[in-house]
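As structure tokens, the structure follows; a few thoughts come after it.
2 protein chains.
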Amino acid sequence: MRTLDPKTAEDRKRRLLQAVIYHFMRTGKPVGSQVIVDKYNFGMSSATVRNMLMDLEKEGFLIQPHTSAGRVPSDKGYRLYVDSLLEVQSLAAAEEEGIRKQYAARTKELEDVMISTSRMLSSLSHYTGMVLSPRLDKSLLRRLQLVPLSNSQVLVIIVSQTGLIRHKVLQLSRSLPAERLSMLSEMLNARLRGLPLSEVRTQILHHIEAAEQEHSEAFSIGRELARDAFDLKTTEGDLYVEGRENIFSFSELGDFGELSGLLKVIEQKNLLTSVLEKTMKKEGLSIKIGAENTRPELRSVSLVSNTYKLNDHTIGVLGIMGPRRMEYGRMIALVEGVTKIVNQMLEKMVSYE
Amino acid sequence: MRTLDPKTAEDRKRRLLQAVIYHFMRTGKPVGSQVIVDKYNFGMSSATVRNMLMDLEKEGFLIQPHTSAGRVPSDKGYRLYVDSLLEVQSLAAAEEEGIRKQYAARTKELEDVMISTSRMLSSLSHYTGMVLSPRLDKSLLRRLQLVPLSNSQVLVIIVSQTGLIRHKVLQLSRSLPAERLSMLSEMLNARLRGLPLSEVRTQILHHIEAAEQEHSEAFSIGRELARDAFDLKTTEGDLYVEGRENIFSFSELGDFGELSGLLKVIEQKNLLTSVLEKTMKKEGLSIKIGAENTRPELRSVSLVSNTYKLNDHTIGVLGIMGPRRMEYGRMIALVEGVTKIVNQMLEKMVSYE
DNA sequence: TATTAGCACTCAAGCTTACGGAGTGCTATT
DNA sequence: AATAGCACTCCGTAAGCTTGAGTGCTAATA
């Protein structure tokens, strides 16, 4: 049995890589040939292992921090590990049920779901949990309500089909009696319901123009509505982040500057939002390992995220950010499990309509 | 002129302390006797300065990190500095006008004011800006509106006199036609307006009981309203924090653990809220230096905060968190200036009513 | 021909030593 | 009371040394 079947040899190399990555994930220290021999039963000497490690390094799956140190997985190594070596676990039924219960009953509106979800992701992973909520302008209008606050102020309430609730105070240039306002509210509500919010703006103007003859005051409020309340530039998806403090435990306390850069990205909503939005481009699970993230500040972390949807339309992303050496298996299972639950909750929420 | 008037001597010691603190604030390094002689014109030799420094240390105003190092101000030293040495500057009129403009026109509701204010504090101080918004249960009800979302769901909108807007989705146990709901909405609105929100809950039940004979359905929704929407335990003052990332530049990159603890406090809303609430107990400017903060994690930072009010009632706090060696003069002026502006804005907002 | 044992080599990390500099406290002097 | 002078302390840094884990290569082996 001297000569090995090349397939077997290749297979063994894979298993070795897997062992190295696995060990590194647990310890965080470069892995040497001796440890492999000691702790994993490959039935060969350290010298042989070393030869194979050299091969793996030449192929780019491993990296030596410096000559005569053990090996550390490269991004490419992790990638292979994630893509093929890993048998994807799924959340145990009991575990999933547990999560479901945690959501409790108080998730009637979308914001609650978002908050609970980011908490859940963070506390179960011990990393940082993130959820990007649906963009308002992509949602359909479920209800529009004008509430008089004073002679010259109106509170505009916008409820989207997805359960997002937004409000905005409008300063009127001319006053409007309460009864007229509530009529207007009903009128607009009836005509605009079900429209995408991005179209509401132009539709308001349209309807208002038609009504202009009848009630000139409607014209002015309509213009203000369209301009201020439905100016959706500012209504990009909201970001919910939980467990930022965990980056201290997982950032490998490398150097200070790196940590600081990471913090800066995590603290700034717009930066993190744009990162997440990128992963939303294609539906489904996304894993970004180290430098696969475009932002250089994120080169030492990995992102596991998934899109969630409603009526077969992708409407948002959720996921976790952790160290590159995370237990991808568990994390993938977690993110997928939570996504599943969120999808179901959203569906249920809309069906109440 | 050998023998000095004791008053003059004391005065000179004060000025020396001031110089040490001033210098330390700029450089962050322990201050030695030589530097004082070189850069500040006290007209005496380093030996004399050393003697005085020893006195100041014995009195507890200065600390030596270790034998044969320069001196560093103690909390007590900063305290004296702040309390008496410091001539409080006020914001230049032009500067104040600049801030006022920054607030822009889009601050019609309270939340906008809070957000803008925390941003303002952070960006002008380069530290971390914080605002604690009024507690909802302490405010008066300005408007209550029920909006039908579906047969079994009602959106409850609560607008406080201070301009706080809260919403809550209510799941009804029995359905209610839209017209009846809007009548109920108007009825409650008329009767409850102006009441403190903390009383609204019991009042709802009261009014509902009276109406029970007429409309039994009102009873059930009223109970749900009182139980869910006006359960104000969860409505403690909201916290707005901006510029967390700045703690990296001011935390003197001491040791890692300290920074991590600080981060943890800053990240957790409830912790930071309770810290700020403490400073709210007595009205007016509050300066907490280092260990004067009860939380041990905050022992290396200082807090400059001020209460803001409406109708002579303290309703919230705003302030900054920075390094102990901050320029207290400028920071105090900043916090006071911003408070003044916020007070005025709040007054104006309520007057729209 | 794949594997192994053996060996020389490398490098990071930790420890010791040396030393310059900043700063002090004390004492004798003015 | 203020100062000059001096011995001393301690930090920080750099240089040298040792240790140990780990490597790559080569020659022997089954």
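So the sequence lines, in the order shown, correspond to chains A and B. The numbering of the first sequence is my numbering, which starts it at 159 and goes up by one. The numbering of the second sequence is my numbering, which starts it at 159 and goes up by one. Ideal placement from N, C-alpha and C gives every residue a C-beta, glycine not left out. Because the structure is a prediction, the values reported are computed rather than measured.
Whole-angstrom C-beta distance between residue j and residue i, which should lie under 8 Å
| i | j | result |
| --- | --- | --- |
| Leu279 of chain A | Leu476 of chain A | 7 Å |
| Phe388 of chain B | Val358 of chain B | 6 Å |
| Arg351 of chain B | Leu299 of chain B | 6 Å |
| Val493 of chain B | Leu443 of chain B | 7 Å |
| Pro231 of chain B | Val178 of chain B | 7 Å |
| Tyr398 of chain B | Met272 of chain B | 5 Å |
| Ile473 of chain A | Lys197 of chain A | So it is not a contact: roughly 46 Å between Cβ atoms. |
| Arg301 of chain A | Val305 of chain B | 6 Å |
| Glu485 of chain B | Asp233 of chain B | Going by Cβ atoms, the distance from Glu485 of chain B to Asp233 of chain B rounds to 17 Å, so no, they are not a contact pair. |
Candidates the options: closest to residue i by CA position
| i | options | result |
| --- | --- | --- |
| Gly487 of chain A | A:Tyr239, A:Ser203, A:Ser418 | A:Tyr239 |
| Arg338 of chain B | B:Glu494, B:Asn309, B:Val423 | B:Asn309 |
| Gly495 of chain A | A:Ser318, A:Tyr466, A:Thr286 | A:Tyr466 |
| Ile478 of chain A | A:Val508, A:Asn404, A:Leu504 | A:Asn404 |
| Leu313 of chain A | A:Arg324, A:Asn199, A:Gln319 | A:Arg324 |
| Leu214 of chain B | B:Gly256, B:Glu168, B:Leu456, B:Val193 | B:Glu168 |
| Thr286 of chain B | B:Met489, B:Lys498, B:Gln502 | B:Met489 |
| Arg237 of chain A | A:Phe219, A:Leu174, A:Val317 | A:Phe219 |
| Thr135 of chain A | A:Asn209, A:Leu468, A:His364 | Nothing can be reported for residue 135 of chain A, as the shown portion of chain A is limited to 159 through 511. |
| Ser331 of chain A | A:Ser340, A:Gln311, A:Leu322 | A:Gln311 |
| Arg349 of chain B | B:Leu334, B:Leu355, B:His365, B:Lys439 | B:His365 |
Terminal residues of the alpha helix (DSSP H) in which residue i lies
| i | result |
| --- | --- |
| Arg277 of chain A | 268-283 |
| Glu337 of chain A | 336-350 |
| Ser444 of chain B | Looking at the DSSP string, Ser444 of chain B is not in any alpha helix (DSSP H); the run it does join, the beta strand (DSSP E), is 444-447. |
| Arg237 of chain B | 233-238 |
| Ser204 of chain B | 204-216 |
| Gly256 of chain B | 251-260 |
| Asp115 of chain A | No statement about residue 115 of chain A is possible, as the shown extent of chain A runs from 159 to 511 and does not include it. |
Length of the line joining the Cα atoms of residue i and residue j
| i | j | result |
| --- | --- | --- |
| Arg170 of chain A | Val462 of chain A | 28 Å |
| Arg293 of chain A | Gly190 of chain A | 48 Å |
| Leu417 of chain B | Ser409 of chain B | 7 Å |
| Ser203 of chain B | Tyr180 of chain B | 20 Å |
| Ser242 of chain A | Lys446 of chain A | 15 Å |
| Met288 of chain A | Met183 of chain A | 23 Å |
| Leu504 of chain B | His471 of chain B | 12 Å |
| Glu344 of chain B | Ser458 of chain B | 53 Å |
| Pro188 of chain B | Asn428 of chain B | 36 Å |
| Arg160 of chain A | Leu249 of chain A | The predicted position of Arg160 of chain A is uncertain, since its pLDDT is 42 and thus under 50; no value can be drawn from it. |
| Gln319 of chain B | Asp396 of chain A | 27 Å |
| Ala422 of chain B | Leu342 of chain A | Correcting the residue identity first, residue 422 of chain B is Lys in this sequence and not Ala. Rounded to whole angstroms, Lys422 of chain B to Leu342 of chain A spans 49 Å at the Cα level. |
| Phe414 of chain A | Leu420 of chain B | 16 Å |
| Gly186 of chain B | Gly448 of chain B | 15 Å |
| Tyr261 of chain A | Tyr261 of chain B | 38 Å |
| Phe200 of chain A | Asn209 of chain A | 14 Å |
| Ser460 of chain B | Thr431 of chain B | 16 Å |
| Gly256 of chain B | Gly321 of chain B | 24 Å |
Three-state secondary structure assigned by DSSP to residue i
| i | result |
| --- | --- |
| Met288 of chain A | strand |
| Gly186 of chain A | coil |
| Gln361 of chain B | helix |
| Gln329 of chain B | strand |
| Thr265 of chain A | coil |
| Leu472 of chain A | Inspection of the sequence shows that residue 472 of chain A is occupied by Thr rather than by Leu. It is a strand residue. |
| Pro454 of chain B | helix |
| Gly487 of chain B | helix |
| Lys171 of chain B | helix |
| Thr465 of chain A | strand |
| Met159 of chain B | Because the pLDDT at Met159 of chain B is just 40, under 50, the model does not fix this residue reliably, and the value given afterwards should be weighed accordingly. Coil at Met159 of chain B, not helix or strand. |
| Arg482 of chain B | coil |
| Tyr180 of chain A | helix |
| Ser226 of chain A | coil |
| Val423 of chain A | helix |
| Val246 of chain B | coil |
| Leu383 of chain A | helix |
| Gly477 of chain B | strand |
| Ser460 of chain A | strand |
Enclosing beta strand (DSSP E) for residue i [first to last residue]
| i | result |
| --- | --- |
| Glu403 of chain B | No beta strand (DSSP E) holds Glu403 of chain B; DSSP gives it neither H nor E. |
| Gln311 of chain A | 311-318 |
| Lys439 of chain B | Run containing Lys439 of chain B: none; DSSP gives neither H nor E here. |
| Leu304 of chain B | 299-306 |
Heavy atom of the ligand MG within 7 Å of residue i beta-carbon
| i | result |
| --- | --- |
| Ser444 of chain A | In terms of ligand content, the structure shown is empty, and the ligand MG therefore cannot be addressed. |
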